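A.B. asks: In my numbering, the protein residues as written are 2 to 356. Glycine residues also receive a C-beta, built at the ideal position from the N, C-alpha and C atoms. Given the structure is predicted, the values throughout are model-derived calculations rather than measurements. Quick one: this structure, given as structure tokens, is what I'll be asking you about.
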């Protein structure tokens with residue numbers, strides 16, 4: 002969930018701009034016949050990988066970007082036709098299948114599925130066959146070790162911050178994820194549907210608002226607010242943390258003691274895709290071990306491709322930010338599908354918090 006960054010660089014793309022992009026990119030049949038249109042996070046595919054695919058398959062890859070899981074859903078509500086591939090988080094996979102936005106893939110056309118760890122394909126039984134796992138990761142806290150008065154190891158430190166930290170916190174612009182973090186901080190499951198527990202989370206988040214500087218995703222550039230020191234602690238995806246740590250040795254990433262939520266991103270074939278054969282070829286291509294390894298080095302997330310892991314350097318495989326091995330990981334969970342009633346309650350809470 003995933004799932005800032007690209008979970009890489011998150012660039013805010015308004016729905017108006019997105020609609021304009023679709024109009025320009027999908028407007029003519031002759032162009033669509035040779036294009037592979039992908040609805041994706043920004044910077045979630047290595048340019049070198051795209052270029053190689055285009056040359057090998059005599060195709061043009063066109064990416065349409067979204068800036069949050071919620072914005073992706075809004076974009077599909079407005080226009081679900083014309084996407085050949087859709088990057089979908091685990092929490093939305095089953096719902097997108099029910100809505101008819103994605104279709105089952107043909108495993109016979111993707112022989113490189115053999116390289117994937119089966120646990121990621123089978124993690125969500127109701128969604129098997131609708132998405133091919135791409136990357137997985139965690140959500141945690143990135144903070145400036147030189148600017149805080151004590152190490153940050155728990156979510157509650159963001160909800161009940163010290164005077165030094167108050168007003169210098171960056172949360173995340175996703176209602177479901179905010180609620181999940183709040184539930185964990187109170188000792189509850191991120192998948193709770195208990196109205197009383199959700200009411201507690203709502204109060205917790207409302208009380209935190211005056212102490213939050215921003216609910217926007219952090220820039221991953223050298224002038225990011227956390228690099229400048231305007232932000233002292235931020236909720237981030239682990240791959241984003243690694244990208245920012247390139248610019249400062251003072252940045253520390255932690256998976257909070259209470260646990261967090263884990264996410265898996267999948268590539269799914271659009272139900273109204275124009276080029277399903279090319280879409281299958283693309284999924285098979287990015288699961289070649291050498292290509293999957295190149296992608297992992299680009300986005301700094303954990304690859305589900307077992308053959309690719311053998312090609313990656315030791316510093317990648319032993320990095321605890323990428324592959325957490327601590328107790329907090331044992332306390333972490335995946336977001337699961339929830340009832341429509343619980344979803345409405347969560348959406349109502351998110352609407353009160355996010356600007």
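Give the secondary structure of residue 356 by DSSP, where H, G and I count as helix, E and B as strand, and everything else as coil.
C.D. replies: Three-state result, residue 356: coil.
A.B. asks: Look at the Cβ atom of residue 237, then the Cβ atom of residue 219, and state whether they are nearer than 8 angstroms.
C.D. replies: Against a cut-off of 8 angstroms, the Cβ pair of residue 219 and residue 237 comes out as a contact.
A.B. asks: Have a look at residue 298 and residue 324 and give me their C-alpha separation to the nearest angstrom.
C.D. replies: Using only the alpha carbons, I get a separation of about 14 angstroms.
A.B. asks: What does DSSP give as the partner residues of residue 139 in its beta bridges?
C.D. replies: Paired residue(s): 263.
A.B. asks: Going by C-alpha distance, which of 35, 65, 60 is nearest residue 43?
C.D. replies: Selected option, being the one with the closest Cα: 65.
A.B. asks: Exposed or buried, residue 181, counting other C-beta atoms within 10 Å across all chains shown (16 or more means buried)?
C.D. replies: Buried is the call here.
A.B. asks: Pull the bridge partners of residue 171 from the DSSP assignment, please.
C.D. replies: According to DSSP, which records beta bridges pairwise, residue 171 is partnered with 215, 235.
A.B. asks: Which residues in the same chain have their Cβ closer than 7 angstroms to the Cβ of residue 73, if we skip the five residues on either side of it in sequence?
C.D. replies: For residue 73, where only same-chain residues beyond five positions count, the Cβ hits under 7 angstroms are 40, 67.
A.B. asks: What three-state label does DSSP hand residue 103 in the structure shown?
C.D. replies: Three-state result, residue 103: strand.
A.B. asks: My understanding is that residue 258 touches residue 154, with C-beta atoms under 8 angstroms, so please give their C-beta distance in whole angstroms.
C.D. replies: That belief holds up - the Cβ atoms of residue 258 and residue 154 are roughly 5 angstroms apart, short of 8 angstroms.
A.B. asks: Where residue 194 and residue 171 are concerned, what is the direct C-alpha to C-alpha distance, given to the nearest angstrom?
C.D. replies: Computed Cα separation, rounded: 26 angstroms.
A.B. asks: Judging by CA-CA distance, which residue of 112, 99, 53, 82 is the nearest neighbour of residue 281?
C.D. replies: With distances taken between Cα atoms, residue 281 lies closest to 112.
A.B. asks: How is residue 1 classed by DSSP in three states: helix, strand or coil?
C.D. replies: Shown here, the chain extends from 2 to 356; a query on residue 1 therefore has no answer.
A.B. asks: Of the residues 243, 162, 175, 191, which one's Cα is nearest the Cα of residue 213?
C.D. replies: Nearest C-alpha to residue 213: 162.
A.B. asks: Spatial neighbours of residue 110 within its chain, please: C-beta separation below 6 angstroms, excluding the five flanking residues on both sides.
C.D. replies: Hits under 6 angstroms: 281.
A.B. asks: Apart from the five residues on each side of it in sequence, which residues of its chain come closer than 8 angstroms, Cβ to Cβ, to residue 117?
C.D. replies: Only 133, 134, 288, 305, 306, 307 meet the Cβ criterion.
A.B. asks: Enumerate in chain order the residues of its own chain whose CB-to-CB distance from residue 105 is below 7 angstroms, with the five nearest sequence positions on each side excluded.
C.D. replies: So the list reads 130, 131, once near-sequence residues are dropped.
A.B. asks: Can you tell me whether residue 26 is helix, strand or coil according to DSSP?
C.D. replies: Residue placement at residue 26 cannot be trusted, given a pLDDT of 48 that sits under 50; the coordinates are not used to answer.
A.B. asks: For residue 81, which residues from the same chain have a beta carbon less than 6 angstroms from its beta carbon, with the 5 sequence-adjacent residues on both sides left out?
C.D. replies: Closer than 6 angstroms at Cβ, skipping near neighbours: 102.
A.B. asks: List the residues that DSSP assigns as beta-bridge partners of residue 254.
C.D. replies: Residue 254 is bridged to 143.
A.B. asks: At what residue ranges does the region 260–319 contain a whole run of the alpha helix (DSSP H), taking only runs of 4 or more?
C.D. replies: As far as the region 260–319 is concerned, its whole alpha helix (DSSP H) runs of at least 4 residues are 277–287, 290–300, 307–310, 315–318.
A.B. asks: Go ahead and pull the three-state DSSP assignment for residue 149.
C.D. replies: Coil, per DSSP.
A.B. asks: For residue 352 and residue 335, what's the separation of their Cα atoms in angstroms?
C.D. replies: So the alpha carbons of these two residues sit roughly 23 angstroms apart.
A.B. asks: Within the same chain, show all residues whose beta-carbon is closer than 6 angstroms to that of residue 95, passing over the 5 residues directly before and after it, in chain order.
C.D. replies: The answer, listed in chain order, is 127, 128, 338.
A.B. asks: Taking just the CA atoms, how far does residue 122 sit from residue 107?
C.D. replies: Their Cα atoms are separated by approximately 14 angstroms.
A.B. asks: Using a 10 Å radius around the Cβ and a threshold of 16 neighbouring Cβ atoms, would you call residue 222 buried or exposed?
C.D. replies: Residue 222 comes out exposed.
A.B. asks: For residue 177, collect the residues of the same chain with a Cβ closer than 8 angstroms to its Cβ; drop the 5 residues on either side in sequence, then sort them by chain order.
C.D. replies: Taken in chain order, the residues that qualify are 70, 71, 92, 336, 347, 351.
A.B. asks: Return the Cβ separation of residue 139 and residue 318 in integer angstroms, given the expectation that the two are a contact with Cβ distance under 8 angstroms.
C.D. replies: Not quite, the Cβ-Cβ distance comes to about 16 angstroms (not below 8 angstroms), so this is no contact.
A.B. asks: What is the DSSP secondary structure of residue 48, reduced to helix, strand or coil?
C.D. replies: DSSP places residue 48 in helix when its eight states are reduced to three.
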